[in-house]
Amino acid sequence: MPAKTIIEPFRIKSVEPIRWTTRVQREQLLEAAYYNLFLLPAEDVLIDLLTDSGTGAMSTHQWAAIMEGDESYAGSRSFDHFKNSIQDIFGYRHVIPTHQGRAAERILFGVACKKGDVVPNNTHFDTTRANIEFVGAEAVDLVIEEGKHPASTHPFKGNMDVAALESLIERVGRERIPLVMLTVTNNSGGGQPVSMENVRQVSTVCRRHSIPLYFDACRFAENAWFIKLREKGYELKTPKEVAQEMFRYGDGCTMSAKKDGMANIGGFLCTNNDLLAQQEKDLLILTEGYPTYGGLAGRDLEAIAVGVQESLEEDYLRYRIASTAYLGNHIASQGVPIVQPPGGHAIYLDARAFLPHIPPDQFPGVALACELYLEGGIRSVEIGALMFANAAKMDLVRLAIPRRVYTQSHIDYVVEVILEVWKNRGNIPGMKLTYEAPFLRHFTAHLEPARVAVAG
Ligand SMILES: *Cc1c(COP(=O)(O)O)cnc(C)c1O
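Quick look at the structure:
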């Protein structure tokens, strides 16, 4: 290819209008939403970077496949398409459809885990941790030290600390560890990848102790692309070959098809264990549905069957990872503090460094997210003191990029808005809570700007 510019590898066939609001309108909307962006009507958001989950655009091939959906209750043709496509990449013997990722987690941990067990992971995603704790087991995060420091530029900050895994197994005993998980990419750790070498090492430890290894595979394709870009020996492999090799080191996976499944809903659970699969399917019938649909319509199964393959296309991944890095690098080069290096699906602003005048108990992440909305109609999400209360180690604002939805000019606009807010950061007030629910309070909390302290 002669030109260096990385372009969107698609043209647009159907468009969805987005709506401008004035600053005065946004001030009123924000006040009416109690300064909680979850409570805003999506229609009043110009660029929505709340999440990359289920918010992607489907391709013409996916829409065409949807018309082929077979809605038979049992034994539908769409299930065969789904299963064959997933097995082609993941290689596991049993493929169990679920309505989204957390349903796969609930079923896996409901069957494989019991009270007193311990489940290690690089970093547990919040629903994964909650489902493990729900059965009375303990979720332990073992990400490498570099993964805990926003400024560290280690190429695989999602790696698991293998020595820490060995000592955990030694300390609690193999019998209490029903499985080990690896989250690829490491969402809660900033969308950072796990190297193939680390997968291999973790797998070796697991096999030595006869402990099954499961992947939380939500962003497996983005992880495969980072391995191809950054790890020696993988330059000439296709992303699919990389993904296939990675999954061979494991025994199963959970997956949210709302991420690298390129679908708006869906998920699945895979395993090579026949006995476990039988128990999982029994539980599936109880709450999700018959094992050939698992809570999904036939057309959803078709969209996922096509989507998981599309997520591995090189042109798509090159554009996907470049556009996330483009956003991160353009703001970082102007001094905006972000979690380095840019991850696969999102850029994380370091709100404590961005707003050093706002103490953590005045929610600098919420203050920054509100300001991005006021300035430019951009919706992001706070990951910090509001979400995790006293357990928050950082105050971050996540800008998650939906798949195939926004073009480079949208991203240029986001850069411009962030830089404008950066320029005026000294005037941004802290926030205070006026209402909170007893758990998962960030979804429903009410806040208001804290009184501006007058100097002197
Ligand atoms: C989104 C996500 C899940 C949960 O999937 P849902 O489809 O939202 O239920 C689990 N793990 C990771 C790493 C995720 O990003």
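Numbered according to this note's numbering, the sequence shown spans residues 418 to 873. Even glycine gets a Cβ: it sits at the ideal position worked out from N, Cα and C.
Check, Outcome
"What did DSSP end up calling Met-598 once you bin it into helix, strand or coil?", "strand"
"Can you determine whether any heavy atom of ligand 1 sits closer than 6 Å to the C-beta of Asn-548, and answer yes or no?", "no"
"Going by Cα to Cα distance, which pick from Ile-738, Glu-648, Ile-586 and Lys-500 is closest to Met-625?", "Residue identity check: residue 625 is Arg in the sequence provided, not Met. Minimum Cα distance to Arg-625 is reached at Ile-586."
"Would you identify the three-state DSSP class for Ser-750, choosing helix, strand or coil?", "coil"
"If I measure Cβ to Cβ from Arg-636 and keep anything under 8 Å in the same chain, skipping five residues before and after, which residues do I get?", "Val-601, Thr-602, Asn-604, Gly-608, Lys-676, Asp-677, Gly-761 and His-762"
"Output needed for Lys-645: all residues of its chain with C-beta closer than 7 Å, excluding positions within five of it in sequence on either side, in chain order.", "Tyr-651, Glu-652, Lys-654, Pro-656 and Val-659"
"What three-state label does DSSP hand Ser-673 in the structure shown?", "strand"
"In this structure, how does DSSP classify Cys-623 when only helix, strand and coil are distinguished?", "helix"
"Can you list, in chain order, every residue whose CB sits closer than 6 Å to a heavy atom of ligand 1?", "Ser-470, Gln-517, Gly-518, Arg-519, Phe-542, Thr-544, Thr-545, Thr-600, Asn-604, Asp-633, Cys-635, Ser-673, Lys-675, Lys-676 and Gly-684"
"Helix, strand or coil: how does DSSP classify Val-776 here?", "Note that residue 776 is Pro in the sequence shown here, rather than Val. It is coil, neither helix nor strand."
"State the DSSP-derived secondary structure class of Ser-712, mapped to helix, strand or coil.", "Before going further, note that residue 712 is Gly rather than Ser in the sequence given. Coil, per DSSP."
"Any contact between the segment 500–515 and the segment 668–688? By contact I mean 3 or more CB pairs, one from each, below 8 Å.", "yes"
"So, with DSSP's three-state summary, where would you put Val-723?", "helix"
"Could you name the residues of the same chain whose beta carbon sits closer than 7 Å to that of Glu-563, not counting the 5 residues immediately before and after it, in chain order?", "Ser-569, His-571 and Lys-574"
"Could you tell me if Ala-680 is buried or exposed, where buried requires 16 or more neighbouring beta carbons within 10 angstroms of its beta carbon?", "buried"
"What separation, rounded to the nearest whole angstrom, lies between the Cα atoms of Met-598 and Gln-442?", "46 Å"
"Taking the straight line between their C-alpha atoms, what separation do you get for Leu-772 and Ser-797?", "16 Å"
"Quick one: complete alpha helix (DSSP H) runs, 4+ long, within the segment 457–511?", "477–484 and 494–507"
"Since Val-838 and Glu-799 should fall inside the 8 Å C-beta cutoff, what is the C-beta to C-beta distance between them, to a whole number of angstroms?", "Contact flag wrong, Cβ pair sits at about 15 Å."
"Between the segment 536–548 and the segment 689–706, do three or more beta carbon pairs fall short of 8 Å?", "no"
"State yes or no: is the C-beta of Tyr-707 within less than 7 Å of the C-beta of Ala-491?", "yes"
"Evaluate contact between the segment 484–504 and the segment 830–845, counting only Cβ atoms and requiring at least three cross-stretch pairs below 8 Å.", "no"
"Please identify the residue among Ile-628, Met-663, Tyr-631 and Ser-627 whose C-alpha is closest to the C-alpha of Trp-642.", "Met-663"
"By alpha-carbon positions, which one of Thr-472, Ala-862, Asn-501 and Ala-770 ends up nearest to Met-811?", "Ala-770"
"Would you tell me roughly how many angstroms separate the C-alpha atoms of Gly-669 and Leu-582, rounded to the nearest one?", "19 Å"
"Let's test the definition: count the other Cβ atoms within 10 Å of the Cβ of Ile-435 and tell me whether it reaches 16, buried, or not, exposed.", "exposed"
"Taking buried to mean at least 16 other C-beta atoms within 10 Å of its own C-beta, is Ala-529 buried or exposed?", "buried"
"Hey, Phe-526 and Asn-548 are a contact pair by Cβ (cut 8 Å); roughly how many whole angstroms apart?", "5 Å"
"Check this for me: beta carbons of Gln-779 and Ala-854, under 7 Å apart or not?", "no"
"Sort Arg-858, Cys-623 and Ala-694 by Cα distance to Ile-524 and report the nearest one.", "Ala-694"
"Could you tell me how far apart the beta carbons of Ile-795 and Leu-463 are, in whole angstroms, since I believe they sit closer than 8 Å?", "7 Å"
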